[in-house]
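First to last, the protein sequences are chains E and X.
Oh and the first sequence: position 100 is 1097 in my numbering, straight run, nothing missing.
Oh and the second sequence: position 126 is 128 in my numbering, straight run, nothing missing.
Every residue, glycine too, gets a C-beta built ideally from N, C-alpha and C.
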Amino acid sequence: MEIVTIGNEDFLLRRFPLAHPNYFRPDGSVSSYAYCPDKSDTAGLSVNLERITTLKATVLDHNQFGLLRISAGNIRSVPELDCIHNPIEGNDAHSLITGTISKNKRSKLIELSSTIPLVELQQSIEHPTPPEHPPHARLVLTCSRKPGNKVFLMPCRAATTPAPKQAPLKQFMTILQLQISDIN
Amino acid sequence: MNDSVKQINEANFNIGFIATAATSSPFASAIDKSSSENSTVTFSEEKVVPISERIKGAITIIESFKALPKNWNGYNANPPSEKAIRNSIEFLLRLSKKQRIPTLIIPTPDEGIVIELQEDGVRLEFLFLPDNSAEVSGYLGNELKFGHPMNETTENCSLKWLFCPDGNCNDWE
């Protein structure tokens, strides 16, 4: 598996127990110990890169585990923390949060995370979909509103992905511009 | 003030120890006995305090962690250590004297146990580690306000910080 660069806009997923034991507090928040490393986590804390996995594959068992979602940019906003892609056998999406995760940093991470709702998890299991953005076909569309009420959609290439093919892309943009013009 | 646990009246006290290692525990003889309102804990200053059902329930939760399989968190964590279990139960018994109930009890991936107490947005976190040590941390929301190794002084001061922040309470314990 090729190592991919994790951009700040990428999301990472981390499991936490929600049955026995249960990391949910009575007020609905999740304990920051969801981001606590154990003795074997010498290289970093395990997470999955969302764009090359599925919720189903990451949660393993939605009756036992929930999922936290955090952006790479938010991880990097915590001093001395970073995240890297670290594929392992059986899990191409495996990644690591690197740096020493102190109590204070755990609290920051949990504050910057969102819990994936159970409904979304169940839907992903009942109607599994392939990863939304496989690295070889990933396009980030940036939307900006200019004077005259026109909307421009611009393709952005992720650092590790090959250049998109121009012809289909132009057609795609033309269609989008037409549709948006119709709406406006 | 010495809050150390001196004696536990185990008569009819079921806290459900399930592992053979419990034979070394002060609660070992309680196995298979039924629960009762009569359970008490005696502290070294001879104060006898009944153990509430909720504290018994909390102790049962901690004991149940002994049976956790490896990989209970999906990341290959081991179950909590015997020392962490024992120390956290002793803390709960001291807590019963203050009539306080934990809001969260969880094992940690590094073989420890966390007991949390919360009042509004203020939270105390007692962490019992496998090396027999313990730490207490105070949070306002998610912001860490303090963290100390746990001893009788830091335990009492932190509980007072949570339950009697203005220091003007006669009945906080």
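Under the Cβ distance rule, E:Arg1022 counts among the residues neighbouring chain X, one pair being separated by less than 7 angstroms. Rounded to the nearest angstrom, the Cβ distance from E:Leu1042 to E:Val1075 is 12 angstroms, too far for a contact under 8 angstroms. For E:Gln1119, the enclosing alpha helix (DSSP H) has its first and last residue at 1115-1123.
Distance from the Cα of X:Ala60 is smallest, within the candidate group X:Glu92, X:Trp74, X:Pro111, X:Asn134, for X:Glu92. Residues of the stretch 1087-1118 of chain E that bring their beta carbon within less than 7 angstroms of a beta carbon in chain X comprise Lys1100, Asn1101, Ser1104, Ile1107, Glu1108, in sequence order. At a Cβ-Cβ threshold of 7 angstroms, E:Ile1098 and E:Leu1009 do not count as neighbours. Using a CB distance below 7 angstroms, the part of the stretch 1050-1078 of chain E facing chain X consists of Leu1057, Phe1062, ordered along the chain. In the DSSP assignment, X:Gln120 forms a beta bridge with X:Arg125.
For X:Asp112, at least one C-beta of chain E is nearer than 7 angstroms to its own C-beta.
Contact note: X:Thr105 reaches chain E through Arg1022, Pro1023, using a C-beta cutoff of 8 angstroms and chain order. Among the residues facing chain E, X:Leu119 is not included, as its CB has no counterpart in that chain under 7 angstroms away.
In the DSSP assignment, E:Lys1053 falls within the alpha helix (DSSP H) that extends over 1052-1056. In chain order, Gly123, Val124 place their CB closer than 7 angstroms to the CB of X:Leu142, counting only its own chain and leaving out the 5 sequence neighbours on each side. Within the stretch 61-138 of chain X, the complete beta strand (DSSP E) segments of 3 residues or longer fall at 106-109, 115-121, 124-130, listed in chain order. Distance from the CA of X:Pro167 to the CA of E:Gly1004, rounded to the nearest whole angstrom, comes to 44 angstroms. Leaving aside the five residues that flank X:Asn75 on each side, the residues in its chain whose CB is nearer than 7 angstroms to its CB run, in chain order, Pro111. For X:Asn73, not one C-beta of chain E is nearer than 7 angstroms to its own C-beta.
Separation of the CB atoms of X:Ile87 and X:Ile115 is rounded to 7 angstroms, and the pair is thereby assigned contact status at 8 angstroms.
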